[in-house]
Structure formats: C-alpha cells, structure tokens
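4 protein chains.
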Amino acid sequence: MSLNPVIAILGRRLRLAVIGGGPGSFIGAMHRHAAALDGRYELVAAALSSDPARSIQAGQELGLAPERAYASGPALFAGERLLADGAEVVAIMTPNDSHFELCSAALAAGFDVICDKPMTNTIEEARTLHAAVAASGRVFCLTHNYTGYPMVRQARAMVEAGELGEIRLVQVEYVQGGNAREFQPSQSRSWRHDPVKGGPSLVMGDIGSHAHNLLRFITGLEVKEVAAEVGSIVPGRVVHDYAGALLRLDNGARGSFWVTQAAAGVENSLAIRVSGARGTLEWQQEVPQVLSFKPLDGPAQVRTPNGPGTLPLAARSSRVVKGHPEGFPEAFANLYSDAAEAIAARRAGTAADPLALLFPTSRDGLLGMRFISAVIRSSEANGVWVPVGD
Amino acid sequence: MSLNPVIAILGRRLRLAVIGGGPGSFIGAMHRHAAALDGRYELVAAALSSDPARSIQAGQELGLAPERAYASGPALFAGERLLADGAEVVAIMTPNDSHFELCSAALAAGFDVICDKPMTNTIEEARTLHAAVAASGRVFCLTHNYTGYPMVRQARAMVEAGELGEIRLVQVEYVQGGNAREFQPSQSRSWRHDPVKGGPSLVMGDIGSHAHNLLRFITGLEVKEVAAEVGSIVPGRVVHDYAGALLRLDNGARGSFWVTQAAAGVENSLAIRVSGARGTLEWQQEVPQVLSFKPLDGPAQVRTPNGPGTLPLAARSSRVVKGHPEGFPEAFANLYSDAAEAIAARRAGTAADPLALLFPTSRDGLLGMRFISAVIRSSEANGVWVPVGD
Amino acid sequence: MSLNPVIAILGRRLRLAVIGGGPGSFIGAMHRHAAALDGRYELVAAALSSDPARSIQAGQELGLAPERAYASGPALFAGERLLADGAEVVAIMTPNDSHFELCSAALAAGFDVICDKPMTNTIEEARTLHAAVAASGRVFCLTHNYTGYPMVRQARAMVEAGELGEIRLVQVEYVQGGNAREFQPSQSRSWRHDPVKGGPSLVMGDIGSHAHNLLRFITGLEVKEVAAEVGSIVPGRVVHDYAGALLRLDNGARGSFWVTQAAAGVENSLAIRVSGARGTLEWQQEVPQVLSFKPLDGPAQVRTPNGPGTLPLAARSSRVVKGHPEGFPEAFANLYSDAAEAIAARRAGTAADPLALLFPTSRDGLLGMRFISAVIRSSEANGVWVPVGD
Amino acid sequence: MSLNPVIAILGRRLRLAVIGGGPGSFIGAMHRHAAALDGRYELVAAALSSDPARSIQAGQELGLAPERAYASGPALFAGERLLADGAEVVAIMTPNDSHFELCSAALAAGFDVICDKPMTNTIEEARTLHAAVAASGRVFCLTHNYTGYPMVRQARAMVEAGELGEIRLVQVEYVQGGNAREFQPSQSRSWRHDPVKGGPSLVMGDIGSHAHNLLRFITGLEVKEVAAEVGSIVPGRVVHDYAGALLRLDNGARGSFWVTQAAAGVENSLAIRVSGARGTLEWQQEVPQVLSFKPLDGPAQVRTPNGPGTLPLAARSSRVVKGHPEGFPEAFANLYSDAAEAIAARRAGTAADPLALLFPTSRDGLLGMRFISAVIRSSEANGVWVPVGD
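Chains as they are written, first to last, in the numbering used here: chain A, 287 to 676; chain B, 287 to 676; chain C, 287 to 676; chain D, 287 to 676.
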C-alpha cells in the first residue's frame with residue numbers, strides 16, 4: 287500500500303482551509319491534528335477570528351502567510367477560489383448556527399467540505415444542505431469522530447460480516463459531567479448555552495447526535511420510532527441537559543438511549559452494547575482500544591487494534607502494531623484521511639477504496655436532526671412513540 | 287461486638303425450615319449457604335420435594351432427620367408448630383406462583399418468613415400479603431440479595447450521608463444472556479417460562495424487580511412515573527425477555543431502566559449509576575467489590591470493602607479485611623443475618639440495631655409489583671407516562 | 287451429585303474443633319465460615335483463649351456448651367478424645383510458632399488436622415511434622431487458601447490439560463501495604479512482628495509462602511533454584527518487609543517473584559502470570575472471578591466461574607451460576623470442603639474423588655519452608671543462585 | 287500560550303530529514319506522525335532506502351521532491367548542508383548497529399539529532415557519542431517514547447512534588463509475546479535477530495532499555511546495582527528473549543525488573559508500580575490514559591489526562607480535554623515537540639521552557655547501555671550483585 291494515497295493519486299497533498307477553531311478551541315486543534323497526522327492535507331488558509339488582526343496573528347502561529355488569514359468564511363471562499371493554488375477543501379468548526387450558511391456557501395464556491403457536528407440547527411436546513419451536497423457532487427464529511435475509532439469500525443465490520451447474527455438489542459449512553467454545576471458564569475457567554483445559536487437541544491446536539499450516529503454506524507440499522515423525554519435537571523439551566531429514549535429499529539430490534547451532561551464527575555462515557563442472535567459487542571470510549579465480544583457460545587473475548595480477528599476496515603484504521611493504543615486524535619484523523627481519499631479520487635476521476643467511503647455525510651447529518659426532532663416531539667407528547675421519519 | 291448477635295440474644299441459633307430449593311436448584315443452595323455462613327440459623331426442617339421419598343432423601347443429605355423432611359409447605363407448618371423445638375423461621379424458595387399462599391400460611395402459623403423474590407405474581411396478592419405481614423407482627427424478609435453487597439450498602443450510606451448531594455439522575459440496567467437462544471427444550475418445562483406460574487412478565491419478575499429494588503435501596507427514592515416498553519425480542523418466545531423504561535423519581539430526578547435476558551453472551555450485568563449534585567456513584571454486580579465514586583471536584587475514587595471511607599452500614603456487612611473480595615453468597619448471607627438479628631430481637635422483645643433493619647420487606651415486594659404493573663400499563667398505552675401508584 | 291458428600295458417606299457432619307482465632311481475629315472468622323459454608327462440619331469444641339472464662343464466653347458466642355470451650359489445645363485434645371461424640375478434626379489458627387507443637391499433638395491424639403500457614407517456623411519442624419503426618423495416616427490440610435479460588439483451579443486444570451503447552455515463564459507478586467507505615471504501636475504487640483514467634487521472615491511467612499504455593503499449584507512445577515534478596519525497607523522495621531527473587535523451575539522455566547507488605551496504599555495484590563508455548567494465563571486476587579487467557583493465536587479470553595470452557599476441577603469449586611461472583615470465604619471453604627471429603631473417605635475406608643485431593647498438605651508446607659530458607663540463603667550470599675533442595 | 291512555539295520563536299517550522307523507516311516500517315511511520323502532529327516540523331528530506339530508485343519512490347509518497355530523497359545518511363548530510371533551506375534536524379530510525387555512525391556524522395555535520403533507541407550497540411560507542419553530543423552543543427533526543435505519555439509525566443511530576451514521599455519500592459515489567467513462537471522464518475532475515483546488528487541482547491535493547499528508562503524517568507532515581515539473569519527460553523533462539531533483575535536504587539530503594547518477548551499472547555504489557563512512604567502509583571502502557579494513585583491514607587484514585595490534580599508537566603503533554611484518550615502517537619509526538627522547542631530555542635539563542643527539556647538524551651542512552659551491560663555481567667557471574675557504574 288502507498289504511504290500516502292492522496293499523493294499517490296494527485297502527486298501532492300490536498301490544500302485545506304479551516305474556518306473557526308481559533309486559539310483556545312479544543313475542537314479546532316483536533317481538526318488541525320487530524321488533518322496533519324497522515325500528511326494528506328496541507329493547511330493553506332484559515333479564518334480563525336472575525337477580528338482581522340487576531341486572525342492574522344493566529345494564522346501566523348499555524349504557519350500561514352498573512353494574506354491567507356481571513357476574517358470570515360465568505361472572505362476566505364472569495365479569496366481562495368481566485369488563487370491557482372488556493373484551498374480546495376474547507377473544514378468548518380464554527381458555532382452550530384453558522385454551519386448551514388457556511389457549508390452552503392463553501393459548496394456553492396466549489397469546495398469539498400468537512401463540517402463539525404451537528405450539521406445544522408434545524409431539520410429544514412439539514413434537508414436543504416443535504417440536497418445541496420447531492421447537487422454539488424462534492425465530498426461532504428461530517429465529523430462524528432467516534433466512528434473513526436478502530437474498534438468501532440471493527441464492531442461495524444463484525445456486524446456486517448454476520449458475526450453477531452441478527453441484531454436484537456442495543457444500548458447506547460453518552461454521559462458527561464461538564465454541565466453538572468449549577469452556576470458557571472462562563473456558560474452565559476457560550477453559544478452552546480444560547481438556545482438560538484446552539485440549536486434546539488444542547489445535550490442532543492452536543493452528544494446525543496454522536497450516540498445516535500454511533501449506533502447507526504455499528505449496526506447498519508436506522509431508528510424508526512422513539513419514545514423519549516428530554517429536559518433540564520440542573521436547577522437554573524435553560525437548555526436541555528439530559529435525554530432518554532426507548533428505540534425501535536428498522537429491523538424490529540429494540541434499544542435504550544441515555545445522554546446527559548449533568549452527571550457530576552463523569553468524564554466522557556460514551557458506551558454502546560449491541561446484542562445479536564450470536565453474541566454481544568461492548569465498547570466504551572474511555573478505553574477505546576478495547577472491544578469486548580461475548581459470543582453466545584465460548585468465552586468472552588477482548589479484541590484490540592490489529593489483534594487477532596481484526597477485519598480489513600479496522601486494520602486500515604489503525605497506524606500501530608498491536609498493544610500500542612491510539613486515541614481520540616487518530617480516530618478524528620481517520621475521518622479526515624478517508625475524506626481525503628474520497629476527495630482525491632473525485633478530483634482524479636477515479637474510484638476510491640469502498641472502505642474509505644464510510645465517513646459520515648450530510649445524509650447522516652439529516653438523519654441526526656430527524657432523530658433529535660423526534661425525541662423532542664415524543665417528549666412533548668407525554669412520551670408516546672413517534673416515528674423518526676425519513 | 288459479639289461473634290453472633292443471635293446467640294448473644296437468644297442463647298442459641300434460630301431454628302430454620304426451608305421450602306423449595308431441592309437438589310439441582312441454584313437458589314436453594316444459595317439460601318442454605320446464606321443461612322449457614324454466619325451461624326445464626328440451624329436448619330431443622332425442610333420441604334424439598336412434593337414426593338415424600340425424595341424429600342426425605344434430600345433432607346438427609348442436608349443432615350435432617352426423616353421426620354423433619356416434609357412433602358409440602360403446609361405439612362411442614364403443621365408438623366413444626368407442634369414441636370417444642372420446631373422451626374421458628376421459614377424460608378420459601380418455590381416457584382413464584384406459590385409464594386403468596388405459602389407466605390400467608392407461614393405467617394398465619396406464626397413463623398417469621400424469608401421469601402425469595404418476586405414476592406407474588408399479582409399486585410392484589412402483594413397488597414394482601416403486605417397487610418398480613420403488618421398484622422402478624424412477624425419479620426418478613428424478601429431476598430433482593432443485591433442489596434446485601436457491602437459496596438451497595440456503602441453506596442446507600444454515602445447517599446444518605448449527603449456525599450452525593452441531591453440525586454438528579456439514575457441509570458440502572460440488568461442484562462443477561464440466559465434467554466438468548468431461540469430454542470431451549472429445557473425452557474418448556476420451566477415454570478419461569480409458563481406465564482401463569484412465572485408471573486405476568488418473566489424478565490420483570492426475574493431481574494427487573496431486582497433492578498428496581500436496587501435503585502430504591504441506594505437512592506432512598508421512589509419511582510413515581512414510568513414511560514416504558516416490555517416485550518419479547520427472541521423469535522418464538524411467549525414471555526417477556528426485555529423491558530425498557532424512563533423514570534421520574536419522587537424528588538424530581540430522572541432515570542433510565544433497561545433489563546433483558548436475551549443479550550447473547552452477557553453473564554449477569556446488573557449495573558447502576560447514581561448522579562447527584564456533588565458526584566456520581568457507579569457499581570457493577572460482576573465486580574461487586576468495587577464502588578466507583580466520581581466527585582464533582584477531585585479525582586475518581588475506587589472504594590472497596592473496608593477500605594478508607596467505609597461507612598458503618600458497609601463495615602458491618604463485610605467479613606473480610608480490605609483487599610479480600612467477598613461475593614454473591616456473602617451478600618445473600620447479609621440479608622439472612624440481618625433478618626436473624628431482627629427476628630431474635632423480636633422474639634426477645636428487644637430493639638435490633640437499626641442498621642440490621644434495612645433488608646427488603648413486604649413493602650418492597652408490594653412496590654416492586656406496582657412497578658412491574660406500571661411498566662406493563664405504559665407499554666400497553668403506547669409508551670405514555672403512567673403513575674406507579676402507592 | 288449429592289448435596290453433601292460427607293453426609294452421603296458418613297450419614298452425618300464431621301465434628302470439628304478449632305484452636306485459636308478468638309474474638310477479633312479475621313482469620314479465625316474465615317476458618318469458621320469456611321467450615322460452615324457447605325455444611326460438612328459441625329463445630330463442637332474450641333480453644334479460643336488461654337483465659338478459661340474468656341474461652342467459655344467466646345465459645346458460647348459460637349454456640350458451644352461451656353464444657354466444650356477449652357483454655358488450650360492440649361486440654362482440648364485430652365477432653366475431646368474421651369467423648370463418644372468428640373471432635374474428630376482439629377483446625378489450628380494460632381500464632382505461627384505454636385503450629386508445630388499443636389499439629390504434632392493433634393496428630394498424635396488421632397485427629398485429622400487443618401492448619402493455617404505457614405506450617406512451621408523452621409525447616410526442621412516442617413520436616414518432622416511432614417514425617418509425622420505420613421506416619422499418622424491422618425489428613426493434613428494447610429490453608430493456602432488462594433488455591434481454593436475457582437479461577438486458580440481453572441488455571442491449574444488448563445495447564446494440566448496442556449492448553450498452555452510447555453510452561454516457560456512465570457511471574458508472581460504479592461504486594462500489600464499493611465506494613466507501609468513507619469510507626470504503628472499496635473505492631474509491637476503483634477506476634478507477627480516478633481521474629482521469634484513470627485518466624486524468620488515476616489513477609490515470606492505471611493505472604494511469600496502463598497505466592498510460592500500458588501505458583502506451584504497452578505504450574506505443577508517446583509522451584510529448583512533462586513537468586514534472591516530479602517530485607518526491610520521501611521525505616522525502623524526489624525522484620526523483613528520485602529523479598530525479590532529470580533526463579534529457575536524444574537522444567538527449565540524461568541520466573542520472577544516479588545513480595546512486600548510495604549507498598550503504601552496497595553490492598554492485596556496477589557497476581558500471577560504463567561506463559562507457556564501456547565498461551566499465557568493471568569490472574570489477580572483482587573478480582574478473583576476473572577482469569578485472563580491469552581492464546582498464542584486468537585483473541586484474549588476472559589474466563590469466569592462456570593463460564594464456557596470451565597474444566598471439572600473449577601466447576602466443582604464454584605457454588606454459583608455464571609456471572610455471580612464468589613470471594614475469599616468460598617475459596618477458603620473449598621479447602622475445608624475438599625479436606626472434609628478426604629477425611630470422610632478415610633474414615634469410611636473409601637476412595638475420595640481425586641479432584642478433592644488437591645488441597646495443600648504438609649508436603650507443601652515443607653516445600654514452602656525450604657523456599658523461604660533458600661531465599662534467605664541467597665540473600666545472605668550476595669544474590670547467587672542457590673538450590674531450594676528437596 | 288502560542289499555538290506553535292516553534293513558529294512563535296523562529297517564524298517557521300523546523301526542517302526535518304529522516305533516515306530509515308521506509309515503507310512497511312512501523313516505527314518509521316510513528317516518527318513521521320510524531321513530527322507531523324503538532325506542526326513543528328516540515329519534512330524536507332529523507333533517506334528511506336539504500337536503493338536510489340526505491341528511495342525516490344518512497345520519498346515521493348511522503349511528498350518529497352526527488353532530489354531530496356537520498357540513498358544513504360551520509361549522502362543526505364552532504365546534500366542538505368549545502369542547501370540554504372536544507373534540513374536542520376535529522377531523525378534516525380535505522381537498525382541499531384548503524385545508530386552510532388549516523389548520529390556521529392549528523393552531529394559532525396551540524397544537525398540536531400533525534401535517534402531511535404537503543405542509542406548504540408556498545409557502551410564504548412555510547413560513551414563516545416555522549417561526549418560528541420556535549421561537544422557539539424546540539425540537541426540530541428533519544429526516543430524512549432513511553433516517557434511521552436501524559437500519565438507517565440504526571441507520575442514523574444507527582445514524585446517530584448513529593449506526593450509519594452521517599453521512594454522505597456519499584457516494580458517494572460515489559461512483557462510481550464512477539465517472540466514466543468519457536469520458528470518464524472521472517473526472523474532469520476531481521477536485523478533484530480542478528481546479534482551483531484541488533485546488539486548484545488535483543489530483549490534488553492528492544493524493551494529492557496525502555497523499562498529501565500521509564501523507571502528512571504518517573505522516580506528520578508538511578509539504578510546503582512543489579513542482580514540479574516538474562517537468557518533465551520524459547521527452544522532454538524540464539525538471542526536473549528527474557529531478562530530478570532533485582533534492583534538497588536541510589537536512594538536505597540529496592541526494585542524488581544522483568545522483561546520478555548516470549549510470553550505467548552501478551553501484547554505490550556509495559557507496567558510500573560512505584561511505592562513511596564506516602565502512596566503508590568501504578569501505570570500500564572496498554573491503558574495509558576489511566577494512572578492509579580493509591581495514597582497511604584484515603585481511597586485509591588484514578589487519575590486521567592487533564593483530570594483533577596493534573597500537574598503542569600502532564601497538562602502541557604496532552605492535547606485533549608478530559609475523557610478523550612490519547613495514545614502512542616501522541617506520546618511519541620510529545621518527544622518530538624519538546625525537542626522542537628529545545629532546538630528552536632537553541633537556534634534562536636533563547637531559553638526553552640524547562641518543562642520542554644525532559645526528553646531523553648544521550649546521557650539516558652549511555653545509562654541504558656550501562657544498565658544492559660550490568661545485567662549481562664551479573665547474569666554471567668551467577669547472579670551476584672554488580673554495580674551499574676557511571
């Protein structure tokens with residue numbers, strides 16, 4: 287295999303611009319690490335601040351020339367499309383309420399797009415953007431980064447290969463403690479805690495969308511109906527900090543869904559259990575290098591990256607020999623690197639490796655918004671089952 | 287402290303009779319071990335089989351004289367009450383549908399009673415039995431054995447002491463794989479798979495009642511409303527094998543509840559997470575010697591039996607020095623031993639140690655039946671919230 | 287299988303007397319629980335204190351008649367042998383320096399003997415006692431209780447069945463923190479910290495002997511040579527609190543041995559790893575319900591009591607269905623119950639189940655003393671390899 | 287803090303050349319990821335194969351111009367030093383026996399050097415190279431990558447801050463299964479299994495040097511004396527596959543050391559336990575995101591990256607918010623990024639952040655070689671204690 291499929295296809299790296307994620311942003315740094323790790327992108331431009339001077343300063347710290355440091359997304363689109371060696375891929379990591387407009391504009395300007403989740407703040411935007419992606423022919427990668435973990439991909443591959451048999455039961459939880467305190471002055475300034483900028487449901491947009499996407503990615507199933515409650519449990523909070531749901535999947539399987547950011551002291555417990563007729567898989571994000579497989583017959587197994595039984599999708603998603611853990615940055619990088627393969631192939635007019643085409647797209651973003659909407663509708667309807675729709 | 291509070295009070299062990307749990311029964315052996323471990327009971331009589339010869343044979347294997355091995359509960363009650371040194375406590379571990387009748391008769395005959403869960407098969411029976419217990423003045427212990435684990439008791443004591451602050455969120459799951467197979471000829475002969483003998487919901491009676499009780503025991507809160515689904519996921523099964531519910535507790539806390547016996551390969555994953563304003567507790571039955579405490583501030587802690595921070599309720603529930611695990615039999619024995627203290631005190635007309643009086647009783651059994659009923663009602667009403675009632 | 291092999295053979299329980307382990311003793315309680323759990327013994331006599339009044343008081347708390355509560359071992363031996371229904375088995379849990387004399391006297395008086403470890407304080411005593419056991423024809427059980435854990439027995443059975451191939455490498459550690467403090471007034475009163483009463487090496491007698499025994503029990507191999515150091519690391523201590531050794535086993539395998547009671551904050555980390563040509567086993571006492579098996583080919587496996595792949599020796603050593611942990615008391619009880627089978631068979635003149643005959647005996651005690659002696663000799667000889675001898 | 291200290295200091299990235307680590311090399315990819323992750327280096331030249339055509343081809347896959355792809359280290363040094371924008375840092379990841387010559391030449395040519403471990407194959411070479419580094423004034427970073435893990439650095443910082451009190455006992459193991467098979471045709475072609483190219487002791491050079499370095503890094507102590515055995519346990523092997531040692535540290539602490547590559551089925555178990563007067567730390571490479579701290583008083587704690595109690599050295603070594611694991615590549619990158627800070631500061635004539643200067647250097651390489659030598663000497667001298675020397 288080539289050391290670098292993008293260079294193998296294009297003879298060079300992809301030229302990347304980033305919008306958002308300036309100094310102090312955790313997710314901005316993650317996006318840039320993800321782009322850097324496998325050498326498939328070269329960062330050539332950025333809009334890191336709406337203040338021109340700060341944008342230039344931050345751009346310089348990332349190695350950018352002052353003229354490639356823009357003060358807004360639109361300025362960046364306009365500037366870069368004029369350059370012979372301008373950016374060809376745009377990565378967007380701004381507050382949620384700007385995703386729709388920026389993605390739409392980037393697509394319209396001809397860029398391939400990588401966008402942080404949730405894709406949009408409303409279903410209508412999601413539907414429109416998904417259509418725009420389809421019409422554009424461009425690659426659109428939504429960074430549901432947990433789907434990039436090698437053991438999550440191993441889980442998907444095992445389900446797909448039939449190692450679990452027909453899926454019957456699913457449990458997914460995403461429990462954090464970041465919003466457990468009653469009074470955090472910093473929150474009042476955060477767009478996340480502003481229902482307009484942050485979307486209809488903080489906890490669902492922030493982490494519920496991840497849990498939903500993870501379940502779909504591993505099982506290959508869609509959530510058909512939910513019976514749910516979403517609300518605020520911490521006194522004084524105006525946005526949602528917990529949501530629970532019962533799930534009916536499209537093959538008849540049943541599931542449980544529980545997400546909160548108000549569990550004091552819990553760090554980042556995204557966990558999933560998938561049971562089929564032939565066995566159960568268990569995975570926890572806090573120890574992502576382990577996938578537990580409990581077959582119907584035979585002892586429970588501890589699966590690890592590149593350990594025995596690793597399937598091709600997982601093997602290509604891991605840079606290390608067995609026993610050497612990878613982490614969150616590599617999982618994130620897997621999405622970037624897969625998207626790079628897809629973008630390079632698109633630009634070269636060749637076919638990408640099908641295993642590279644599993645990154646989340648605008649369709650996943652739309653389905654995520656529909657799920658959030660259904661959870662809210664059921665909650666408002668006294669918990670009755672409501673269809674997620676499609 | 288005395289080596290044996292019962293002998294300290296009465297000058298002798300309590301005389302125990304068991305009904306059910308004959309050769310081949312797991313739970314029968316557990317009850318007998320639980321009674322034996324701390325030396326507070328002497329097994330003096332049993333009804334181990336409805337076949338007189340087999341009952342005598344099995345009784346002999348337990349060290350009983352032939353005349354103390356009965357062929358039925360009623361025969362035992364009648365025989366033992368006539369003896370000067372007859373049994374004074376009866377432990378009942380027969381199929382669920384006989385609990386009501388046997389317990390009622392045992393109370394009527396003057397015995398203190400230890401009964402396996404679920405207490406009865408219907409709410410009506412539960413209400414009647416609970417009233418009979420109250421009227422009798424006898425001790426009634428329902429063996430929700432998971433409440434006997436030292437770390438579960440430590441969790442309760444920490445909540446009670448305010449170490450978690452106000453409780454906000456609860457997750458409880460009880461996941462097993464014992465009913466994951468589609469065809470198990472042995473099941474057709476089991477009373478558990480007979481809806482009449484096993485009760486209205488196999489999974490709820492078998493393990494859902496444990497999960498519900500555990501949540502109540504640790505938090506000291508009651509489930510006020512549920513939105514739930516219960517059903518059968520394994521093809522061909524006629525009894526329930528999964529149930530999910532969203533919970534509203536009486537202090538306004540919210541919760542998630544998930545139980546199934548159809549998760550192929552999973553052994554016995556009873557797990558609970560309780561989050562309060564000041565921290566979160568996590569406990570899993572498969573590694574019961576560990577209680578994880580994640581404070582709002584400060585590193586996560588690993589609490590162990592008799593380790594630092596052990597509160598009195600947990601300390602009295604553990605026979606070992608720290609670092610030496612106890613297990614399921616000791617947890618079970620804690621219920622028996624606490625009940626023994628209560629029974630001895632009742633018979634002596636003295637007051638028992640309040641910490642000995644936390645074992646589950648007929649009130650817990652009644653509340654468990656109400657919870658099961660509410661789950662079924664919500665499930666039948668398209669998932670709407672229904673009150674559990676009281 | 288019979289519910290109680292002893293009753294099946296003798297028609298009654300074995301009559302047990304205990305010496306030592308009075309009120310406040312952890313190990314005394316463990317011995318009594320171990321005897322009680324499976325109903326194979328009836329406690330009929332005890333010497334719990336050298337003060338007659340306290341002995342009677344403590345005996346009464348255990349349910350003994352005053353005349354069966356003795357003030358010394360010899361008094362007990364003399365009294366019980368005269369009774370028609372006198373004790374037939376004696377369990378000894380006194381300070382180490384009295385084991386030799388009491389065991390010798392008990393054997394001479396015709397009792398079967400259960401003795402706490404270490405067997406004696408010197409090799410000479412160990413040799414003499416081992417010979418006395420052989421001459422007596424009596425059963426002698428040395429309570430190296432860790433060999434009673436179901437997963438330890440599973441490990442032994444897997445090695446024996448060849449599932450690991452030829453054994454090549456062994457690591458065993460026993461790390462505790464109980465002696466990490468520099469000043470503990472209570473220690474000065476403890477026989478353990480008295481080199482005369484406690485034996486030549488506190489850490490080796492207390493826990494090193496367990497580690498050595500565990501290694502031998504699982505692998506079936508003997509330690510042939512050691513290169514070692516033993517000493518005191520905590521300022522002010524006069525007895526040994528750590529020992530390390532490299533090992534050569536009799537099949538050519540190599541090993542590492544490390545024991546200490548001075549590791550501040552560590553509870554009871556007895557852990558072993560055994561590697562053969564075909565795979566590796568790992569077991570840790572703090573989570574004894576798990577045995578990790580890492581085959582040369584194929585994913586790592588998590589073995590649990592009565593889970594898939596359980597071999598007969600482990601199956602008979604576990605009272606629970608899978609997923610329900612047992613602990614230290616059950617492991618201890620397994621030794622008592624196996625010894626009971628052996629004693630009952632001896633008394634009945636029948637053959638015991640070979641799987642019941644694996645409890646540690648005086649031969650193990652002698653080999654343990656030789657190992658301790660070799661460790662000390664190597665340490666005194668600047669770490670050179672010395673033979674353990676036989 | 288700046289997003290990129292190197293750009294902050296120099297206004298650009300450092301220009302890096304790599305020697306070795308061509309296609310198919312795990313460690314080569316790790317070095318390149320490590321350099322890429324934080325954007326402090328730009329890869330400008332490489333010698334990836336001694337075959338010119340293959341070197342050019344591989345260089346192209348890494349984005350290099352053909353004229354910057356060399357067929358040897360010396361050719362690279364000669365070519366790059368002539369260029370105005372030539373490489374200024376050289377990273378060497380060739381077989382062990384070439385490290386000495388290449389590092390010496392690189393230093394002589396004025397490059398800063400990053401070198402894979404072990405530094406050399408002999409003590410003499412190590413001594414010479416260490417002197418050359420000192421004389422050169424250049425930065426020399428030896429990639430003992432495990433010292434880059436945030437939780438390892440947290441451990442060091444806690445020891446340094448006195449949170450453990452005086453260190454008393456240390457256990458370190460590094461256990462792998464990669465050389466457990468008796469016959470692996472691929473091994474005969476590997477330089478690792480050639481005693482000349484691979485150094486005097488495969489297991490010690492490969493992983494023993496890591497274990498030794500980790501112990502020193504965390505404790506800040508030096509190994510003063512060893513009593514050891516090193517050898518081959520797998521039939522037919524000609525190079526060492528296991529080593530064990532007892533340790534005496536320079537403050538009087540004692541330790542145990544065990545390394546092997548012949549433990550069938552074990553992946554990569556590098557583990558360390560450090561006990562001081564006030565508590566014990568435990569860390570395992572297979573779950574590197576967890577550091578267990580067991581204080582003398584108080585419950586055991588689970589420390590995680592950026593969790594409560596994180597000290598500055600650990601905080602600067604982690605790119606993520608708490609609950610999001612990092613892995614092996616980030617640990618490796620921490621060494622590269624710290625070295626980059628040191629190199630940039632050296633070139634700018636400024637002082638680097640002292641926390642950036644903790645990466646392993648030629649002094650660590652020399653001490654590692656002395657330790658290996660001492661282990662071999664003790665082994666050859668029947669296990670007696672030998673000084674490590676300095």
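We put the CB at the ideal spot given by N, CA and C, even for glycine.
The way I'd put it, the region 377-389 of chain A does touch the region 305-315 of chain A; three or more beta-carbon pairs between them come closer than 8 Å. Listed along chain D, the residues sitting closer than 8 Å to A/F614 by beta-carbon distance are V606, H610, P611, E612. Residue range 554-562 is occupied by the beta strand (DSSP E) that includes D/N554. Contact annotation: C/A634 and C/I295 have beta-carbon atoms nearer than 7 Å. Rounded to whole angstroms, the gap between the alpha carbons of B/Q457 and B/G517 is 20 Å.
Beta-bridge analysis with DSSP links D/Y435 to no other residue. Within the same chain, and ignoring the five residues on either side of A/R299 in sequence, the residues whose Cβ sits closer than 7 Å to its Cβ are V292, I293, G325, R326, Y327, E328. For B/I519, the nearest beta carbon of chain A is closer than 7 Å to its own beta carbon. For the set A/E387, A/S384, A/L350, A/S390, the Cα lying nearest the Cα of A/A373 is the one of A/L350. D/N290 belongs to the set of residues whose beta carbon lies under 7 Å from a beta carbon in chain A. Per DSSP, B/M490 lies in no alpha helix (DSSP H) segment and is marked neither H nor E.
In the three-state DSSP reduction, B/P338 falls in the helix class (H, G or I).
With a cutoff of 7 Å on beta-carbon distance, A/V509 and A/V545 are scored as not near each other. Counting along the chain, the unbroken alpha helix (DSSP H) around A/I662 starts and ends at 648-666. Fully contained in the region 578-662 of chain A are the following beta strand (DSSP E) runs of length 3 or more, in chain order: 586-589. D/N431 counts as buried, since at least 16 other C-beta atoms from the protein chains shown sit within 10 angstroms of its C-beta. Using a 10 angstroms sphere on the CB of C/L369, the tally of other CB atoms stays under 16, which defines it as exposed.
For D/G485, the secondary structure class from DSSP, reduced to helix, strand or coil, is coil. Taking CB atoms only, C/N554 has a neighbour in chain B less than 7 Å away.
Between C/I658 and C/D583, the alpha-carbon positions lie close to 37 Å from each other.
Per DSSP, C/A531 is one residue of the beta strand (DSSP E) stretching across 528-535. Taking a contact as a CB-CB distance under 8 Å, the pair B/E612 and B/R605 counts as one, their CB atoms being some 7 Å apart.
Contact between D/A322 and D/A303 is ruled out by a C-beta separation of about 14 Å, above the 8 Å threshold. Rounded to whole angstroms, the separation of the alpha carbons of A/V588 and A/L556 is 18 Å. For D/F503, the number of other beta carbons within 10 angstroms of its own is at least 16, and it is reported as buried. The DSSP-derived three-state label of D/I519 is coil.
Closest in C-alpha terms to C/D402, from the list C/L644, C/G423, C/L621, comes C/L621. Taking a Cβ-Cβ cut-off of 7 Å, B/A660 has no neighbours in chain A, whose nearest Cβ is about 13 Å from it. Flagged as an interface residue toward chain B: D/V588, by a C-beta distance shorter than 7 Å. Put simply, the CB of D/G484 is far from chain B, with every gap to its CB atoms at 7 Å or more. Within its own chain, the residues whose Cβ lies closer than 7 Å to the Cβ of D/S341, once the five positions on either side in sequence are excluded, are A333, L334, S335, A355, Y356, A357, listed in chain order. Chain D places no beta carbon closer than 7 Å to that of C/T505, leaving this residue out of the contacts. Looking at the DSSP output, D/F312 sits in no beta bridge, so it has no partner there.
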